[in-house]
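In the working numbering, the protein residues as written are 98 to 599. Beta carbons are placed, not taken as given, at the ideal position from N, Cα and C, and that holds for glycine. It should be emphasised that the depicted structure is a prediction, and the values quoted were computed from it without experimental measurement.
Right, dumping it as structure tokens:
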């Protein structure tokens, strides 16, 4: 695999040097936001980065755009350089093959023994004697296949019971866009090369397993409205999947059973947005029964330490205080709510339907965003979250305020007369901050707006401009029981905001 990457790298350098256009493979999609790695970067000399925020819908803040220029470089000299590069690549491949051969025995013997930080694992197993590593990895393997199948089918039913509401909304938003644009993306020949536990973390009352997955698959993307967007090829990649589970709860299995883990009643085949048992009302994907997928991160994003996602101020101590107040507070889960809310806003934008986001945002923010949503004409050919990171927390006027850095990869298009026109030639990376607010002394609600249930009475909630519960009349976007989006700003706006509010 390394030799392939090396020769590809050298070949691209040679092509760029010769002025030959580079055709990017980065637009090929897959479940979890693949096909872009870090979602941006340079494609054929242009920049895929946009620092514009929500307030500048439709605006891209430049970046580098390479021009062709005038060149008088000798084609013979270019040919010689190309031959030298290919020769070096060949010699390097021979060397890597020798290294690979020397390591093959070791790799084969460790095929079923993924890399684990032993001390962390021993400590975890000491606290959780019923934890079975091989059983856990089998669940991950099953989850991976189910997610790829769900993506191919554009249907979340197979995986809904073991994904968080935020992960569900990421997929749901992408499926809606694909249906609007008449797109399909079947995945086949799915192969898992390796699965390993990268690290284990504690987060409030929850444990988090960061799991690395190395895999490959055939990826075929078809757009009926514009076949110039069609892509097909073999994808090899590494992703990191985050699984969360509440500590100290009895061991259950939701991966190989279609029964409720709480009451054993059959779960509905079409669970939909609310992952709840219709018999006992247990939230199946709460993390209180089994390991739940809460994040899919591409390798580049997982390993990067971008300045935008750096923690601000006394975040750790503030989080500790929130755990003592809310009890159920978890960084992973509030990041999940932030990603859910962000994707709801993006869905509202693409669908030109403000009701989609109404209950998640404050009245003031709704008044600001609704007119822009009504005027928007753009749909997302690609939209996936690279990172949602809690970077700051404050307490102000008896309210707790959380700041999340959101890095999102998008490609916008316009649809007119059943034809699709590309707005962004490449995938663009946007950086925004979403601010969420909740009363400092808020208690645990009976439901959650992120689970389509009223926090006050637990009644079902639909997308509507009416923010009063149809059952109990309480305000759905009240900060008394849940986190509500109070601001959405670009990086520059957040710098000014933070300077005034730190």
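For residue i, which residues from the same chain have a beta carbon less than 7 Å from its beta carbon, with the 5 sequence-adjacent residues on both sides left out?
i           : result
residue 444 : 270, 273 and 453
residue 474 : 511
residue 518 : 510 and 511
residue 343 : 302, 303, 384 and 385
residue 594 : 586
residue 319 : 280, 281 and 327
residue 286 : 314 and 315
residue 431 : 487, 499 and 580
residue 520 : 475, 509, 510 and 511
Looking at the unbroken alpha helix (DSSP H) that takes in residue i, where does it start and where does it end?
i           : result
residue 246 : 230–250
residue 467 : 460–472
residue 602 : The structure shown does not extend to residue 602, since the chain is modelled only from 98 to 599, so the question has no answer here.
Do the CB positions of residue i and residue j come within less than 8 Å of each other?
i           : j           : result
residue 299 : residue 313 : no
residue 506 : residue 535 : no
residue 456 : residue 546 : yes
residue 497 : residue 537 : yes
residue 258 : residue 382 : yes
residue 238 : residue 292 : yes
residue 396 : residue 337 : yes
residue 554 : residue 573 : no
residue 433 : residue 387 : no
residue 490 : residue 412 : yes
residue 408 : residue 488 : yes
residue 391 : residue 264 : yes
residue 73  : residue 374 : Because the chain is modelled from 98 through 599, residue 73 falls outside the range shown and cannot be assessed.
residue 405 : residue 243 : no
residue 429 : residue 341 : yes
residue 471 : residue 451 : yes
residue 266 : residue 441 : yes
residue 355 : residue 364 : yes
residue 77  : residue 398 : Residue 77 lies beyond the residue range present for the chain, which begins at 98 and ends at 599; the question has no answer from this structure.
residue 416 : residue 260 : no
Excluding the 5 residues preceding and the 5 following residue i in the sequence, name in chain order all residues of the same chain whose CB lies nearer than 6 Å to its CB.
i           : result
residue 459 : 581 and 583
residue 283 : 249 and 317
residue 234 : 292
residue 367 : 254
residue 426 : 301, 419 and 420
residue 568 : 554 and 556
residue 247 : 253, 255 and 256
residue 485 : 432, 435, 436, 501 and 503
residue 560 : 452 and 453
residue 346 : 385
Return helix, strand or coil for residue i, following the three-state DSSP convention.
i           : result
residue 420 : helix
residue 372 : coil
residue 127 : coil
residue 397 : helix
residue 326 : helix
residue 404 : helix
residue 564 : coil
residue 344 : coil
residue 454 : coil
residue 440 : helix
residue 291 : strand
residue 590 : helix
residue 286 : strand
residue 434 : helix
residue 335 : strand
residue 219 : helix
residue 581 : strand
residue 351 : coil
residue 576 : coil
residue 298 : strand
residue 409 : coil
residue 414 : helix
How far does the beta strand (DSSP E) with residue i in it reach, from first residue to last?
i           : result
residue 449 : Neither: residue 449 is in no beta strand (DSSP E) and is coded neither H nor E.
residue 526 : 525–536
residue 320 : 303–320
residue 486 : 475–493
residue 548 : Looking at the DSSP string, residue 548 is not in any beta strand (DSSP E), and its letter there is neither H nor E.
residue 516 : 516–519
residue 497 : 496–513
Who are the near neighbours of residue i in its chain, counting only those whose CB is closer than 8 Å to its CB and skipping five residues on each side?
i           : result
residue 310 : 237, 241, 289, 291, 292, 335, 336, 337 and 338
residue 476 : 274, 277, 278, 447, 509, 510, 511 and 512
residue 128 : 244, 245, 247, 248, 268, 284 and 393
residue 516 : 322 and 323
residue 596 : none
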